[in-house]
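The numbers in this note's numbering rise by one with no breaks, and the one at position 570 of the sequence shown is 570.
Note that CB positions come from ideal geometry on N, CA and C, so glycine has one too.
Please read all numbers here as calculations on a predicted model, not as lab measurements.
In what follows, a single structure is set out as structure tokens and then discussed.
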Amino acid sequence: MNQLISSIQQAAKDGKLLPSSADNVRALLSGSTSPVYAQAVTELVEAGDWKELDNRFFRTLAFGTGGLRGKTIGAVVTKAELGTPQALGRPEFPCVGTNAMNTYNISRATQGLVGYVLEHFKKSGRPGRPAICISHDTRFFSREFAELAAKIITEHGCDAYLFEGPRSTPELSFAVRHVKAQAGINLTASHNPPQYNGYKVYFEDGGQVVEPHATAIIDRVNAVESEAYTPSNNPGRVIPMGTEIDGAYMDRLATLPLDPEVIRRENSLKIVYTPLHGVGAVIIKPMLKRLGFQCDGVAEQETPDGRFPTVKSPNPENAEALSMAIAQADATGADLVIATDPDDDRMGVAARDASGKMQLLTGNQTGSILAWYRASRNFEFGILNDSNKKNAVIIKTFVTTDLQKAIADKFGIRCIETLTGFKYIGEKLRKYELAIPEALRPNYPELPEEKTRDLRLEFSTLYIFGGEESYGYSASDFIRDKDGNSATVLIAEVAAYAKSRGFTLPGLLDRIFAEYGVYLERGESLTMDGAEGAAQIAKLVESYATNPPAEVNGSKVVSILNFAKDVIHDVEGDRIPAEPMLIITLADESKIAVRPSGTEPKIKYYMFVAKKPVAGKTFSDDELAAAKSAASANIADLWSWISTDAKSRLGK
């Protein structure tokens, strides 16, 4: 061990290894007794693979407000990590490194979280012991990480509710409140590539942790330096969860349709669904059939498989991920294709257009269709009216299409804009629940959906719909995160509604465009991995903040919102937290947003163009086609300018 440490120190002196990497190697080796750690580092040192060592150790994986996310399988897999080959070719041990998802970082995160939960529970004065719910997806090491978290939780004196098998992120959000737990953990990296995994944390309201709890949990986690701890003399229990939670959750999902009759009438609607080797089929297929839809699965993609072998990326935002389902739909004559990502919080859609061709919908388009449907039908059925519409809200992120804001304005509904991340939507839902007089909301999560709706409309705010451009949606507060299960129910109902009126989902979107204007968006990103990539991303972020453009593609910049420095409030007066993001508005009313990803090694760009009809008018078919063409050309020019400018800022 001493020789290994000496070699690491010498490499840092010689400039082969970053000083931070050398420090973190020493910390890891001194804070753990696992022989795999030392063996893996030794292999990389002997091979002179300093780049791989830097990528694994240049930092300690930071526990942020979204938890942890990192690689479980390195670019180089050492013999020590490979160990005894596992099913599907998985290494026996996860990637060794302080900047990786492994037992070291799972232990740190869980020790810090359970310590805070114990303290918070004690202060509340409630009897008994606290509990934490745990779920996981189908990724490599997810089950092992979940079981390790349960072990640490119980050995610290808390109970651990552990799902018996893979379950979705939104079902965890539901389960936390259903079993009255104090927190939740989900082992998932959502739609990231197979070599990644993550650790998402929820609090007792079923939403991802936000202030005041977030900083306190982060500080506790980051203070943990070792996997070692002293077990409690009064350990908790591991309590399995399974079909009983599934059933309760599905009962709530069944309350989402606003017009069950249209579903019954349009029972010829055919759906092809794929979970992309993830967890979605646990709920979605039986739920669709329960509601009366015809649903076929993509057999090759229903098998849980952490390699995600039939797709380049298990992300329903990517057209390629839906290709097998679309081919099956074309072969069977299905009307609608639905795909969810591995943890089933995102949903992608393709629908047949009037010509019979399958058309992919973007996240902004799907969200706008759902926002319009939920708003219009709530008024049609008398749930909303002129006297109570002031108490209804649509919530979207700043980087989601402004078409949803236009829809809300037309119906007289508030539109709230939040930062990226459904935790901020969840935070709003908690606020609306707490605005109901306490005497009227005992056991609020257990109240019937209609009862909670009436309470929110009378005393607080009714959440009509919310979403993100990145294919995440929800429409009720029994879930405090984006929900692929809910979204599937919602879009299937809208497809049935459209069919009942003789048009398709793309046709319905065109009707919305004709009335409100053609809103076109494009998201792009630059990926820069590892230590060098992190430095480049930081350089770009700083460049935009200190030297923003005065003109973009020939259009003058008229305003810049700097979310890191400016004091910004939403329409309800709530302060928007600081975040490294710029929104640049141009003289032609186009917009650009720039922000580093919070979960991936990327800097993200969002472009927005709108072509609106004359006030009080709607587009004719020819005008609509011309507006679409003009918007498409504008947005292509924007990205060409932005990508060239980014290379210039990086000195390329």
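If you pair each beta-carbon of the stretch 230 to 239 with each one of the stretch 155 to 163, do three or more pairs fall below 8 Å?
Yes, the stretch 230 to 239 is in contact with the stretch 155 to 163.
List the residues that DSSP assigns as beta-bridge partners of T274.
By one-based count along the sequence shown, residue 274 stands at place 274. Paired residues: A339.
Candidates N385, G363, L440, A439: which alpha carbon is nearest D402's?
For the purposes of this step, residue 402 is taken as the residue at position 402 of the sequence shown. With distances taken between Cα atoms, D402 lies closest to G363.
How would you call P166, buried or exposed, if buried means at least 16 neighbouring beta carbons within 10 angstroms?
The residue given as residue 166 occupies position 166 in the sequence shown. Looking at its Cβ environment, which holds 16 or more other Cβ atoms inside 10 Å, P166 is buried.
Nearest-angstrom Cα distance between Y463 and T400?
Stepping through the sequence shown from its first residue, residue 463 is reached at position 463. Stepping through the sequence shown from its first residue, residue 400 is reached at position 400. Each residue's alpha carbon lies about 17 Å from the other.
Output the boundary residues of the alpha helix (DSSP H) element that contains G484.
The residue you call residue 484 lines up with position 484 of the sequence shown. Start and end: 484 to 500.
Can you have a look at H569 and say buried or exposed, based on whether 16 or more other CB atoms are within 10 angstroms of its CB?
Numbered from 1 along the sequence shown, position 569 holds the residue referred to as residue 569. Its Cβ having fewer than 16 others within 10 Å, H569 is exposed.
Assign Y229 to one of three DSSP states: helix, strand, or coil.
Your numbering for residue 229 matches position 229 in the sequence shown. Y229 falls in the coil class under three-state DSSP.
Can you tell me whether A587 is buried or exposed? The criterion is at least 16 other CB atoms within 10 Å of its CB, across all chains shown.
Within the sequence shown, numbered from 1, the residue matching residue 587 stands at position 587. Under this definition A587 is an exposed residue.
On a CA-only basis, which of E155, R129, I185 is nearest R143? Give me that one, please.
Here the question's residue 143 lines up with position 143 in the sequence shown. Checked all of E155, R129, I185; the closest Cα to R143 is I185.
What are the complete alpha helix (DSSP H) segments, minimum 4 residues, inside the stretch 505 to 534?
Runs found: 505 to 516.
Report the rounded CA-to-CA distance for I217 versus A327, giving the unit in angstroms.
The residue labelled residue 217 in the question sits at position 217 within the sequence shown. The residue labelled residue 327 in the question sits at position 327 within the sequence shown. For I217 and A327, the distance between alpha carbons rounds to 46 Å.
Given that a residue counts as buried once 16 or more other Cβ atoms are within 10 Å of its Cβ, and exposed if not, what is R456?
If you number the sequence shown from 1, residue 456 lands on position 456. Label assigned to R456: buried.
Which residues in the same chain have their Cβ closer than 7 Å to the Cβ of Y37, if we skip the five residues on either side of it in sequence?
The count along the sequence shown starts at 1 and reaches residue 37 at position 37. L28, L29, V96, listed in sequence order.
Helix, strand or coil for N186? Go by DSSP, reduced to three states.
For this step, residue 186 is matched to residue 186 along the sequence shown. Strand.
What are the complete alpha helix (DSSP H) segments, minimum 4 residues, inside the stretch 346 to 418?
Runs of the alpha helix (DSSP H) inside the stretch 346 to 418: 363 to 380, 403 to 411.
Find out if the Cβ-Cβ distance for the pair A531, N55 is shorter than 8 Å.
The sequence position of residue 531 within the sequence shown is 531, counting from 1. The sequence position of residue 55 within the sequence shown is 55, counting from 1. Going by C-beta atoms, A531 is nearer than 8 Å to N55.
Can you tell which of L17, T33, A615, E623 has the C-alpha that lies nearest to the C-alpha of G48?
Translated into the one-based positions of the sequence shown, residue 48 becomes position 48. Checking every option, the nearest Cα to that of G48 belongs to L17.
Go ahead and pull the three-state DSSP assignment for L4.
In the sequence shown, the residue the question calls residue 4 occupies position 4. Correct three-state label for L4: helix.
Give me, in chain order, the residues of the same chain whose beta-carbon lies closer than 7 Å to that of F141; leave out the 5 immediate sequence neighbours on both sides.
In the sequence shown, the residue the question calls residue 141 occupies position 141. Cβ within range, chain order: T72, P94, N197.
Starting from P240, trace the alpha helix (DSSP H) in both directions and tell me its first and last residue.
Counting from 1 along the sequence shown, the entry for residue 240 is found at position 240. It is not in any alpha helix (DSSP H) - P240 instead sits in the beta strand (DSSP E) that spans 238 to 241.
Quickly, what does DSSP pair F203 with across the bridge? List them, please.
Taking the sequence shown and counting its residues from 1, the one referred to as residue 203 is at position 203. Answer is A183.
Would you mind reading off the limits of the beta strand (DSSP E) that contains L561?
Counting from 1 along the sequence shown, the entry for residue 561 is found at position 561. Note, L561: beta strand (DSSP E), 555 to 562.
Are the CB atoms of D483 and S470 within a distance shorter than 8 Å?
Taking the first residue of the sequence shown as 1, we reach residue 470 at position 470. Taking the first residue of the sequence shown as 1, we reach residue 483 at position 483. No, the Cβ-Cβ distance between S470 and D483 is not below 8 Å.
Helix, strand or coil: which one does DSSP assign to T585?
Translated into positions along the sequence shown, residue 585 becomes position 585. DSSP places T585 in strand when its eight states are reduced to three.
Just to confirm before moving on: does the CB-CB distance between S32 and E204 stay below 8 Å?
Reading the sequence shown from its first residue, position 32 is the one you call residue 32. Reading the sequence shown from its first residue, position 204 is the one you call residue 204. No, they are not a contact pair.
Count the CB pairs spanning the stretch 542 to 557 and the stretch 510 to 519 that are closer than 8 Å, and state whether there are at least three.
No contact exists between the stretch 542 to 557 and the stretch 510 to 519.
Does the Cβ of G393 have 16 or more other Cβ atoms within 10 Å, making it buried, or fewer, making it exposed?
Position 393 of the sequence shown, counted from the first residue, corresponds to residue 393. First, the amino acid is wrong: residue 393 is Val here, not Gly. Under this definition V393 is a buried residue.
Smallest Cα separation from V659: which of S268, Q294, E302?
Here the chain covers residues 1 to 652 and nothing more, so residue 659 does not appear.
Run through the stretch 36 to 88 for me and flag every whole beta strand (DSSP E) of 3 or more residues, listed as ranges in chain order.
List check, beta strand (DSSP E) in window: 68 to 71.
Which residue comes first and which comes last in the alpha helix (DSSP H) that contains V117?
Against the sequence shown, residue 117 aligns to sequence position 117. Where V117 is concerned, the enclosing alpha helix (DSSP H) stretches over 103 to 124.
Suppose you measure from the CA of A487 to the CA of E493; what does that come to, to the nearest Å?
Residue 487 sits at position 487 when you count from the first residue of the sequence shown. Residue 493 sits at position 493 when you count from the first residue of the sequence shown. Approximately 10 Å between the Cα atoms of the pair.
What are the start and end residues of the alpha helix (DSSP H) that includes K428?
Residue 428 sits at position 428 when you count from the first residue of the sequence shown. Where K428 is concerned, the enclosing alpha helix (DSSP H) stretches over 422 to 434.
Given a threshold of 16 other Cβ atoms within 10 Å of its Cβ, counted over all protein chains shown, does N315 qualify as buried or as exposed?
Here residue 315 refers to the residue found at position 315 of the sequence shown. So N315 ends up on the buried side.
Where M358 and R352 are concerned, what is the direct C-alpha to C-alpha distance, given to the nearest angstrom?
Taking the first residue of the sequence shown as position 1, residue 358 is located at position 358. Taking the first residue of the sequence shown as position 1, residue 352 is located at position 352. Approximately 4 Å between the Cα atoms of the pair.
Would R517 and K410 qualify as a contact pair, given that the criterion is a beta-carbon distance under 8 Å?
Walking along the sequence shown from the start, residue 517 turns up at place 517. Walking along the sequence shown from the start, residue 410 turns up at place 410. The question names Arg, but residue 517 in the sequence shown is Gly. No, Cβ-Cβ distance for G517 and K410 is not below 8 Å.
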